[in-house]
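Engineer: Position one of the sequence shown corresponds to residue 28 (the working numbering), numbered consecutively onward.
Cβ atoms here follow ideal geometry from the backbone N, Cα and C, with glycine treated the same way.
In this text, all values refer to a predicted model and were calculated from it rather than measured experimentally.
Structure in structure tokens, see below.
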Amino acid sequence: MAGTPITIEQNGSPIGTLTVDPETGAYIWVPVPGFVGTAVIPYQACDDGTPQACATATLYLTNLARPNSTYAINDINQTPVNVPVSGDVLTNDFDLEGDTQTVTGALADTDGDGLVDDVLPVGVATAVYGVDLTGAIVPAGTITLNGDGSYTYTPAPNFTGTVPVEYTITDDNATPATDSATLTIKVVADTPANDPPVAQDDTASTEQGTPVDGNVLVNDSDPDGDPITLTQVKVDLDGDGLADDPVTLGTPTPVYGTDENGNIVPAGTLTVNPDGTWTFTPEPGFTGQVPVEYTIEDPGHLTDDATLTITVVPNAGNQTFANDDANVGSQGETLTGNILTNDFDPEGNDQDVTLIDSDGDGTPDTAPVAGVPVTIKQNGSPIGTLTVDPETGAYIWVPVPGFVGTAVIPYTIKDDGSPMATATATLYLTHVPTPPTLVPDLTPIIMAVPNVMSGVTEYEIYVRAIEIKGANTSGTITLRIPKDPRWTMYNGWNGSFTQLPVSGIPVQNSLWTHTEDASAHIFTTTATVLGLSEATFGFEARWDAGQTHGSYTLSVAIVPGSGGEDRDDNNNDAERLDYGF
28 MAGTPITIEQ NGSPIGTLTV DPETGAYIWV PVPGFVGTAV IPYQACDDGT PQACATATLY
88 LTNLARPNST YAINDINQTP VNVPVSGDVL TNDFDLEGDT QTVTGALADT DGDGLVDDVL
148 PVGVATAVYG VDLTGAIVPA GTITLNGDGS YTYTPAPNFT GTVPVEYTIT DDNATPATDS
208 ATLTIKVVAD TPANDPPVAQ DDTASTEQGT PVDGNVLVND SDPDGDPITL TQVKVDLDGD
268 GLADDPVTLG TPTPVYGTDE NGNIVPAGTL TVNPDGTWTF TPEPGFTGQV PVEYTIEDPG
328 HLTDDATLTI TVVPNAGNQT FANDDANVGS QGETLTGNIL TNDFDPEGND QDVTLIDSDG
388 DGTPDTAPVA GVPVTIKQNG SPIGTLTVDP ETGAYIWVPV PGFVGTAVIP YTIKDDGSPM
448 ATATATLYLT HVPTPPTLVP DLTPIIMAVP NVMSGVTEYE IYVRAIEIKG ANTSGTITLR
508 IPKDPRWTMY NGWNGSFTQL PVSGIPVQNS LWTHTEDASA HIFTTTATVL GLSEATFGFE
568 ARWDAGQTHG SYTLSVAIVP GSGGEDRDDN NNDAERLDYG F
């Protein structure tokens with residue numbers, strides 16, 4: 028019957044299913060996982076003549092043994108400045124034959140030349156270089172990568188940036204297979220100024236001939252909570268093996284990749300949209316990897332780069348794939364997201380989260396229940412609670428007060444295929460220290476123009492209120508200039524001055540209001556003085572009649588607490604005036 032699979036047996040055991048359209052003769056053969064050999068299936072075909080004529084033949088379907096293979100998938104991790112972090116590069120690697128994988132080699136930049144081409148001894152703490160936020164190659168700390176995949180990275184003091192490590196795995200098959208991938212560790216800044224966004228490498232896996240999709244922005248974040256935008260995508264368009272050719276967002280684009288034999292070949296069609304979503308349709312018969320470089324940007328035009336690596340594997344029966352996830356927030360901030368969004372099932376089966384690692388030993392051990400927080404421990408101590416909906420993958424992470432660092436939480440997913448397939452990946456949740464709240468600090472400068480006067484009775488007074496801490500002011504700012512019988516304000520206060528009439532010095536008189544009491548001229552403003560900027564004003568003055576010669580100290584004082592400042596030991600300034608007529 029058309030569309031109905033028929034189980035085919037050999038020696039009493041199922042070896043696959045055959046679906047045949049009796050009208051057209053088209054068939055689909057699906058062998059059971061691991062079947063190697065020839066299915067011998069006799070069949071009969073009949074015509075519709077009178078009398079009916081029939082004939083018998085045999086369909087021979089041969090499945091050859093697949094060469095042994097093993098797959099290393101790119102890894103990510105992140106940590107705040109000055110905070111060590113650990114992980115396991117083998118968590119998301121997989122082997123279709125079920126062989127055990129071991130890290131057998133690694134490369135890093137240990138000589139500062141910017142190339143990841145120096146041997147990183149397995150199991151030995153080694154100093155490495157990285158790329159800081161300015162793009163400079165600098166000492167980045169030490170890393171120990173062990174044969175079982177576990178690693179610990181300790182950043183250099185105050186280093187922020189990226190540390191790449193390439194590693195090679197080997198399986199324990201009788202004919203061992205190897206593969207290589209890259210671990211990228213990002214050290215996140217915690218400055219009070221705008222910090223760059225964090226673009227984390229992405230991975231996606233699918234079976235031969237099966238389209239795959241995802242979103243590169245899902246595991247990217249911004250320490251300040253700013254929105255991030257995808258600004259550029261580069262792939263290999265010309266077959267030179269380099270992902271250095273820009274593509275037009277939203278446009279299906281044929282791309283090259285590297286097949287399992289290391290050859291650069293046409294790999295399929297990729298579409299990346301401005302919102303970060305993407306779809307890749309592999310070429311028939313292609314198995315291998317396709318690299319996609321992309322750039323994100325925050326509203327302050329700070330950027331970061333990452334790589335999406337798409338892996339196409341042979342069809343080995345029902346499979347499901349899990350990919351690493353990451354999120355960044357400030358100390359004490361609740362983080363939310365979804366760990367299934369970037370996971371993929373090539374058969375279209377439903378995926379559920381089955382286990383999460385709650386005790387910090389690297390092995391998923393606790394079944395999540397929707398709405399029920401699970402306490403997550405690190406080195407035996409609670410660091411927060413994770414609530415995961417196993418059906419949807421949505422999560423809520425609440426760190427314990429004061430937690431700074433990265434919660435490394437491996438998790439396992441399963442699909443509802445037959446037989447059921449499972450996969451493991453890691454959720455990285457990073458909290459950077461809450462930067463101290465900057466308090467503004469104002470200091471004044473007063474000057475007379477000119478300040479040495481011979482035969483001059485009229486002059487200008489110019490005042491600057493300068494913020495020196497890099498914090499914006501809030502509230503009212505008040506300055507007092509003491510009165511003296513030797514001089515007076517000439518021509519009154521002019522709030523429309525944009526420059527002083529004689530010297531031409533620019534001023535901002537429209538920001539200020541002038542009043543006076545018995546002892547001082549008082550100048551106030553409610554305008555916000557931005558960090559490391561100033562607000563200025565000026566007016567004309569003259570010596571009163573009866574003055575002949577002498578000196579006078581002109582002074583100004585900022586009223587304590589002005590603009591929200593909490594320091595007043597720098598709130599005064601003075602200038603000496605010499606005069607004679």
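#1: Please list, in chain order, all residues of the same chain as PRO391 whose beta carbon is under 6 Å from its beta carbon, the five residues on each side excluded.
#2: Going by CA-CA distance only, name the one from ASN173, THR202, PRO184 that's closest to TYR194.
#3: Spatial neighbours of THR505 within its chain, please: C-beta separation below 6 Å, excluding the five flanking residues on both sides.
#4: If you draw a straight line from the alpha carbon of ASP332 to that of PRO223, how long is it in whole angstroms?
#5: Taking DSSP as the reference, what is the three-state secondary structure of LEU538?
#6: If we count the other Cβ atoms within 10 Å of its Cβ and call it buried at 16 or more, is VAL534 buried or exposed?
#7: Rounded to a whole number of angstroms, what is the C-alpha to C-alpha distance between VAL476 and THR542?
#8: Taking just the CA atoms, how far does THR44 sit from ILE35?
#9: Would you mind reading off the limits of the beta strand (DSSP E) that contains SER40?
#10: On the premise that TYR180 lies in contact with VAL190, defined as a C-beta separation below 8 Å, what is that separation, rounded to the nearest angstrom?
#11: For ARG513, is the classification buried or exposed, using 16 other Cβ atoms within 10 angstroms of its Cβ as the cut-off for buried?
#12: With distances taken from CA atoms, which of TYR517, VAL192, LEU559 is nearest ILE212?
#13: Mind checking whether VAL459 and VAL431 have CB atoms under 8 Å apart?
#14: For GLU287 versus THR314, is the C-beta spacing smaller than 8 Å?
#15: Return the CA-CA distance between THR237 and ILE337, expressed in angstroms with no decimal places.
#16: Expressed to the nearest angstrom, what Euclidean distance is found between the alpha-carbon atoms of LEU362 and THR368?
#17: Using three-state DSSP, classify SER530 as helix, strand or coil.
#18: Assign GLY558 to one of three DSSP states: helix, strand, or coil.
#19: What does DSSP give as the partner residue(s) for GLU287 in the beta ladder?
#20: Inspect the CB distances between the stretch 464-480 and the stretch 137-144 and report whether three or more fall short of 8 Å.
#21: Go through the stretch 379-405 residue by residue and report every complete run of the beta strand (DSSP E) that reaches 3 residues or more, in order.
#22: Opposite LYS441 in the DSSP bridges: which residues?
#23: Between the alpha carbons of SER40 and LEU117, how many angstroms are there, rounded?
#24: State the start and end residues of the unbroken beta strand (DSSP E) segment that holds VAL130.
#25: Measuring CA to CA, which of GLY531, THR575, ILE532, GLY125 is closest to MET480?
#26: DSSP three-state call for SER523: helix, strand or coil?
#27: Just mark PRO645 as buried or exposed, buried being the case when its beta carbon has 16 or more other beta carbons within 10 Å.
#28: Within 10 Å of its beta-carbon, does ASP388 have 16 or more other beta-carbons around it, so buried, or fewer, so exposed?
#29: Below 7 Å CB to CB, which residues in the same chain sit around GLU124 once its five sequence neighbours on both sides are set aside?
#30: Using CA coordinates, which residue listed in ALA448, LEU329, ALA450, THR205 is at the minimum distance from GLY162?
#31: Alpha carbon to alpha carbon, how far is ASN221 from ILE255? Give it in angstroms, no decimals.
#32: DSSP three-state call for SER96: helix, strand or coil?
#33: In terms of DSSP beta bridges, what is PRO191 paired with?
#34: Which residues in the same chain have their Cβ closer than 7 Å to the Cβ of ASP267, if we skip the five residues on either side of it in sequence?
#35: Return the first residue and the last residue of the beta strand (DSSP E) that ASP240 is part of.
#36: Which residue marks the beginning of the beta strand (DSSP E) containing GLU36, and which one marks its end?
Structural biologist: The relevant details are as follows:
#1: Start at 1 with the first residue of the sequence shown, and residue 391 comes out as number 364. Contacts found: LEU382, ILE383, ASP384, PRO437, TYR438, THR439.
#2: On the sequence shown, position 167 is the one that residue 194 refers to. Closest by alpha carbon: ASN173.
#3: As a working mapping, residue 505 is identified with position 478 in the sequence shown. So the list reads THR551, VAL586, SER589, once near-sequence residues are dropped.
#4: Along the sequence shown, one-based indexing puts residue 332 at 305. Along the sequence shown, one-based indexing puts residue 223 at 196. Near 11 Å, if we compare the C-alpha coordinates of PRO223 and ASP332.
#5: Within the sequence shown, residue 538 is the residue found at index 511, counting from 1. Of the three classes helix, strand and coil, the one that applies to LEU538 here is helix, per DSSP.
#6: Position 507 of the sequence shown, counted from the first residue, corresponds to residue 534. Buried, by the Cβ-count rule.
#7: Here residue 476 is taken as the residue at index 449 of the sequence shown, counted from 1. Here residue 542 is taken as the residue at index 515 of the sequence shown, counted from 1. C-alpha separation (whole angstroms): 22 Å.
#8: By one-based count along the sequence shown, residue 35 stands at place 8. By one-based count along the sequence shown, residue 44 stands at place 17. If I take the Cα positions, the gap works out to 6 Å.
#9: Counting from 1 along the sequence shown, the entry for residue 40 is found at position 13. Taken as a continuous stretch (DSSP letters only), the beta strand (DSSP E) holding SER40 covers 40-47.
#10: Locating residue 190 in the sequence shown gives position 163, where the first residue counts as 1. Locating residue 180 in the sequence shown gives position 153, where the first residue counts as 1. Contact flag correct, Cβ pair sits at about 7 Å.
#11: Here residue 513 refers to the residue found at position 486 when the sequence shown is read from its first residue. Exposed, because fewer than 16 other Cβ atoms sit within 10 Å of the Cβ of ARG513.
#12: Numbered from 1 along the sequence shown, position 185 holds the residue referred to as residue 212. The shortest C-alpha separation from ILE212 is found at VAL192.
#13: As a first step, residue 459 must be located in the sequence shown, where it is residue number 432. As a first step, residue 431 must be located in the sequence shown, where it is residue number 404. It is a contact, given that the beta carbons lie within the stated cut-off.
#14: To locate residue 287, count along the sequence shown from 1; it is residue 260. To locate residue 314, count along the sequence shown from 1; it is residue 287. In contact: GLU287 and THR314 (Cβ atoms closer than 8 Å).
#15: Indexing the sequence shown from 1 puts residue 237 at position 210. Indexing the sequence shown from 1 puts residue 337 at position 310. If I take the Cα positions, the gap works out to 12 Å.
#16: What you label residue 362 is simply residue 335 of the sequence shown in a count that begins at 1. What you label residue 368 is simply residue 341 of the sequence shown in a count that begins at 1. So the alpha carbons of these two residues sit roughly 16 Å apart.
#17: One-based indexing of the sequence shown puts residue 530 at position 503. Of the three classes helix, strand and coil, the one that applies to SER530 here is coil, per DSSP.
#18: For the purposes of this step, residue 558 is taken as the residue at position 531 of the sequence shown. In the structure shown, GLY558 sits in coil (DSSP, three-state: anything other than H, G, I, E or B).
#19: Here residue 287 refers to the residue found at position 260 of the sequence shown. Looking at the DSSP assignment, GLU287 forms no beta bridge with any residue, so it has no partner.
#20: no
#21: 401-405
#22: Translated into positions along the sequence shown, residue 441 becomes position 414. LYS441 is bridged to ASP379, THR449.
#23: By one-based count along the sequence shown, residue 40 stands at place 13. By one-based count along the sequence shown, residue 117 stands at place 90. For SER40 and LEU117, the gap between their C-alpha atoms comes out near 35 Å.
#24: The residue labelled residue 130 in the question sits at position 103 within the sequence shown. From DSSP, the beta strand (DSSP E) with VAL130 extends over 128-135.
#25: Here residue 480 corresponds to residue number 453 of the sequence shown, with the count starting at 1. With distances taken between Cα atoms, MET480 lies closest to THR575.
#26: Against the sequence shown, residue 523 aligns to sequence position 496. SER523 falls in the coil class under three-state DSSP.
#27: What is shown of the chain runs 28 to 608, which leaves residue 645 out entirely.
#28: The residue you call residue 388 lines up with position 361 of the sequence shown. Result: exposed.
#29: What you label residue 124 is simply residue 97 of the sequence shown in a count that begins at 1. Within the same chain, GLU124 has close Cβ partners ASN95, ASN200.
#30: The sequence position of residue 162 within the sequence shown is 135, counting from 1. Restricting attention to ALA448, LEU329, ALA450, THR205, the CA atom closest to the CA of GLY162 is found in LEU329.
#31: Numbered from its first residue, the sequence shown carries residue 255 at position 228. Numbered from its first residue, the sequence shown carries residue 221 at position 194. Near 13 Å, if we compare the C-alpha coordinates of ASN221 and ILE255.
#32: Position 69 of the sequence shown, counted from the first residue, corresponds to residue 96. In this structure, SER96 counts as coil in the three-state DSSP scheme.
#33: By one-based count along the sequence shown, residue 191 stands at place 164. Beta-bridge pairing links PRO191 to THR211.
#34: Along the sequence shown, read from residue 1 onward, the residue named residue 267 stands at position 240. Around ASP267: no qualifying Cβ.
#35: Working through the sequence shown from its first residue, we reach residue 240 at position 213. Segment 239-242, the beta strand (DSSP E) holding ASP240.
#36: Sequence index remark: in the sequence shown, residue 36 carries index 9 (1-based). Unbroken beta strand (DSSP E) run through GLU36: 33-37.
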